[in-house]
Amino acid sequence: MRHLRPLRRCLYLTAAFFFAAQPAAWAWSGHALCTWDAVGAMPQVAGRSVPAEALTTFLAKEAAALPQVLEEEEQWARTNVPFYAPRPDSLAFKAADGAEPAALKQAFVHAIRVNEDVPFALYVQRQPGATVAAGREMTWPTLSILKDTGDIDQKRMERVEEGEALSVADVIATATDEPDFGLDIGLFQDNGQKQGALYNFGPQPFGNPLLDYGSQAPFHMGFYHEAGILYKAAPFLQHTYPEARVHLYMTLSRFAFAQRHPYWGWRFAGWAAHYVQDMAQPYHARVLPGVGTVSMLWTSVLDKVGVHGPRIAALNRVTNRHTALENYQKNRMTAALAQGDKDDPLLAALRDTRGDAAVQRLQPTTLRDVSSVQSVAAADALDAQVERSFPARYVSDAATILDGKDADLYALSRQAPAAEQAKLAGLVADRMRQVGRDTRAVIRAVAPDGTAAAQR
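Under mature numbering (1 follows the signal peptide of the UniProt record, and there is no 0), the letters of the sequence shown match residues -27 to -1, 1 to 429, in that order.
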């Protein structure tokens, strides 16, 4: 076996390079776009409203009960999440009577190990085509710690007041975007942020620790079904946290409902749904869609001996196609929602409940054993279709030229032959069908029995 060690080291180094150059770690451009149609008709959601509640209000009222809930959740994660980095016991949630709001917030974010500078504002995201009330527009720094607004349309973000009645569908949809606003940014010890030294996540296992958004990658990607040799060569690929995040936020959602905080019940549910939706994106479930393990190994060998072209080409190709797919999805769904086109295949797929019986209530094993399996199976076909559907300059091996904002690839996709347009729409609709099914499975898993308890 000694002769295999150099090859494994080559693969390790190349895999590390691939992930140092990964594109944006969000899976779908605008999770809210995926959520309104997925949950809008559910009996737990349709026509219902809840009063907005500040995070610090929730924490002040439940400071006595939260320590046990969060300690039990920590023990669950240590037992059930492979390669989980335990939370330091010193960060267990504690709140003295009469603690100041800022101290409550810090104790909570330290206990769940998210970025302590996230604003947790009270706001709601309106659907494309809707208008925000005058004087209630939100600025990006009041929503996120990230510098780049990415694909988020700030014009649809509306400030709300505590106690104001909000549509349950809007609360959930708004919340599904929030994990991409910075919750999982700067948590590793080499990210250069203050909480990284506290949280015990260690060095960032993959992704670029210097990118504004790159440090969230291990929380939003789950590579559960790669070849064994890849894990042996690059064991860091197994150090991922979507399962822990989903379980944590579902636990907090159930707790909030049980304690009669319906707003936070739905907001936490939306946070959980975000990571579930991530796992429907093949570029979050496969290391390199369209590139097999043997090809990766050969690319590694070539790179080691000074032939760098194949490695650079593979990086560019995957980055370009990942970005092109998200651009297409965002622009197509935004246009359909703004125009009220409910027959668009992506929106229709989100509402398709025929597969719901397979995943009625999300379970701790669903992400690994069901959702990611389906995404992995779809990865190569979707990657190949992306190549056929868009102009070559956007999906080729050339240096990345699309940043997700400077072109409408939905419009450009309509230059392809009609048959290719239909194939792409069908493959992306299949991903949306999984998003809709699994998002509803989260809602059914956390919502109280009946409906009265789901609202104040």
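The beta-carbon is built from N, C-alpha and C at its ideal position, and this holds for glycine as well.
What you are looking at is a predicted structure, and each value in this text was computed from that prediction instead of being measured.
From the options, residue whose alpha carbon lies closest to that of residue i
i: residue 4; options: 383, 153, 158, 332; result: 153
i: residue 127; options: 117, 135, 134; result: 117
i: residue 83; options: 26, 174, 188; result: 174
i: residue 114; options: 17, 106, 91; result: 91
i: residue 213; options: 229, 237, 251; result: 251
i: residue 25; options: 412, 137, 72; result: 137
i: residue 384; options: 361, 324, 301, 312; result: 301
i: residue 230; options: 242, 219, 78; result: 242
i: residue 294; options: 421, 210, 369; result: 369
i: residue 80; options: 97, 95, 62; result: 62
i: residue 70; options: 36, 60, 98; result: 36
i: residue 159; options: 170, 149, 150, 151; result: 170
i: residue 413; options: 2, 1, 6, 18; result: 18
i: residue 97; options: 367, 120, 143, 55; result: 143
i: residue 202; options: 211, 352, 195; result: 211
i: residue 312; options: 100, 95, 386, 338; result: 100
i: residue 291; options: 235, 355, 319, 305; result: 355
i: residue 190; options: 164, 168, 198; result: 164
i: residue 334; options: 419, 7, 199; result: 419
N- and C-terminal bounds of the alpha helix (DSSP H) containing residue i
i: residue 331; result: Here residue 331 belongs to no alpha helix (DSSP H), and DSSP marks it neither H nor E.
i: residue 24; result: No alpha helix (DSSP H) contains residue 24, which is instead part of the beta strand (DSSP E) from 22 to 24.
i: residue 205; result: 201 to 206
i: residue 235; result: 235 to 251
i: residue 401; result: 391 to 419
i: residue 51; result: 39 to 53
i: residue 35; result: 28 to 35
i: residue 79; result: 74 to 85
i: residue 347; result: 345 to 362
i: residue 90; result: Where residue 90 is concerned, there is no enclosing alpha helix (DSSP H), given that its DSSP letter is neither H nor E.
i: residue 257; result: 255 to 258
i: residue 367; result: 365 to 368
i: residue 383; result: 382 to 386
i: residue 4; result: 4 to 12
i: residue 323; result: 318 to 324
Delimiting residues of the beta strand (DSSP E) encompassing residue i
i: residue 97; result: 96 to 98
i: residue 215; result: Where residue 215 is concerned, there is no enclosing beta strand (DSSP E), although the alpha helix (DSSP H) it sits in stretches over 215 to 231.
i: residue 139; result: 138 to 140
Whether residue i touches residue j by CB criterion (8 angstroms)
i: residue 430; j: residue 254; result: Limits of the chain in this structure are -27 at one end and 429 at the other, which puts residue 430 out of reach.
i: residue 87; j: residue 156; result: yes
i: residue 145; j: residue 49; result: no
i: residue 105; j: residue 22; result: no
i: residue 28; j: residue 78; result: yes
i: residue 73; j: residue 109; result: no
i: residue 343; j: residue 332; result: yes
i: residue 480; j: residue 237; result: A query on residue 480 cannot be resolved here, the shown segment of the chain reaching from -27 to 429 and no further.
i: residue 188; j: residue 209; result: no
i: residue 172; j: residue 215; result: no
i: residue 393; j: residue 2; result: no
i: residue 195; j: residue 234; result: no
i: residue 14; j: residue 324; result: yes
Residue i - partner residues in DSSP beta bridges
i: residue 130; result: 98
i: residue 110; result: 131
query = Considering only residues of the segment 153 to 189, which uninterrupted beta strand (DSSP E) runs meet the minimum length of 3 residues and lie entirely inside it, listed in chain order?
reply = Segments of the beta strand (DSSP E) lying fully in the segment 153 to 189: there are none.
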